[in-house]
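J.:
And the structure:
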């Protein structure tokens, strides 16, 4: 018989970056119970060694309750979101049942991709690339993948430049801003237009004047983004 701690660890998983949600116990509806039944049925089909994760039917039922509560607290409640996670699960090469933390990550990453958004790791690397590109100095030559990426990079680049975040702080703010932007898009809200005019022809600009122009560019983007919630 497993101890309470062992059961908890098997349900949570060993992902060191995953933190169980610090949220009050969620209210569970009949539809939500049907959703978790659908999910576990699919996962058992995808992962043939699923039985190794549960030593008894009681532990299996407890796992379903824990997963359901975690998914609700992580705001993964729609069938569409669950299906995205299941599709990611199909691509996994492991035969073993995943942790709830892994499934949450699959749902989130898949949802971001469906909205044309990068994952956290991709966004961090793109911000670094934009910074190496000298930011606003040569911004018109930087190839943004889409307007969503441009919105994310502009905001985080500006705030990072202003506050001088450490790598850990940048990661924390990028993660929060990704989530906030995903929720904004899910509500059907439009992102601000950050398109800036491209000079008709190149010309020499005094370095001091260029610095002033760059500062004005940063200020302009901040003004455009001012209406959004701070994260």
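In this note's numbering, the protein residues as written are 410 to 640. We put the CB at the ideal spot given by N, CA and C, even for glycine.
1. In angstroms with no decimal places, state the Cα-to-Cα distance between residue 469 and residue 463.
2. Hey, residue 560 and residue 600: beta-carbon distance below 8 Å or not?
3. Using only alpha-carbon positions, find the residue among 439, 506, 485, 449 that is nearest to residue 591.
4. Is it the case that the Cβ atoms of residue 458 and residue 493 are separated by a distance below 8 Å?
5. Taking the alpha-carbon positions, what's the residue 536 to residue 512 distance?
6. Would residue 594 and residue 532 be called neighbours here (beta carbons separated by less than 8 Å)?
7. Tell whether a beta-carbon distance below 8 Å holds between residue 499 and residue 519.
8. Which same chain residues end up closer than 6 Å to residue 506 when comparing Cβ atoms and leaving out the 5 residues on each side of it in sequence?
9. Please tell me whether residue 475 and residue 509 are closer than 8 Å, where the distance is taken between their beta carbons.
10. Taking only the alpha-carbon atoms, compute the straight-line gap between residue 649 and residue 491 and give it to the nearest angstrom.
11. For the alpha helix (DSSP H) containing residue 486, list its first residue and its last residue.
12. Cβ of residue 584 within 8 Å of Cβ of residue 529?
13. Hey, could you find the ends of the alpha helix (DSSP H) residue 571 is sitting in?
14. Roughly how many angstroms lie between the CA atoms of residue 577 and residue 515, to the nearest whole one?
T.: Walking through what the data contain:
1. Here residue 469 corresponds to residue number 60 of the chain shown, with the count starting at 1. Here residue 463 corresponds to residue number 54 of the chain shown, with the count starting at 1. Looking at the two C-alpha atoms, the distance is approximately 6 Å.
2. Walking along the chain shown from the start, residue 560 turns up at place 151. Walking along the chain shown from the start, residue 600 turns up at place 191. For residue 560 and residue 600, yes; Cβs fall inside 8 Å.
3. Sequence index remark: in the chain shown, residue 591 carries index 182 (1-based). Out of 439, 506, 485, 449, 485 has the C-alpha closest to the C-alpha of residue 591.
4. Walking along the chain shown from the start, residue 458 turns up at place 49. Walking along the chain shown from the start, residue 493 turns up at place 84. For residue 458 and residue 493, no; Cβs fall outside 8 Å.
5. Position 127 of the chain shown holds residue 536. Position 103 of the chain shown holds residue 512. Their backbone Cα atoms lie some 26 Å apart in a straight line.
6. Here residue 594 refers to the residue found at position 185 when the chain shown is read from its first residue. Here residue 532 refers to the residue found at position 123 when the chain shown is read from its first residue. For residue 594 and residue 532, no; Cβs fall outside 8 Å.
7. For the purposes of this step, residue 499 is identified with residue 90 of the chain shown, where counting begins at 1. For the purposes of this step, residue 519 is identified with residue 110 of the chain shown, where counting begins at 1. Not closer than 8 Å, so no.
8. Counting from one through the chain shown, the residue named residue 506 turns up at place 97. Correct list, in chain order: 456, 459, 462.
9. Counting from one through the chain shown, the residue named residue 475 turns up at place 66. Counting from one through the chain shown, the residue named residue 509 turns up at place 100. Yes, Cβ-Cβ distance for residue 475 and residue 509 is below 8 Å.
10. As shown, the chain starts at 410 and ends at 640. That puts residue 649 outside it, with no answer to give.
11. Position 77 of the chain shown, counted from the start, is the residue given in the question as residue 486. Where residue 486 is concerned, there is no enclosing alpha helix (DSSP H), given that its DSSP letter is neither H nor E.
12. Mapped onto the chain shown, residue 584 falls at position 175. Mapped onto the chain shown, residue 529 falls at position 120. A contact, by the Cβ cut-off of 8 Å.
13. Taking the chain shown and counting its residues from 1, one reaches residue 571 at position 162. 556 to 572 is the extent of the alpha helix (DSSP H) around residue 571.
14. Within the chain shown, the letter at position 168 stands for residue 577. Within the chain shown, the letter at position 106 stands for residue 515. Whole-angstrom Cα-Cα distance: 22 Å.
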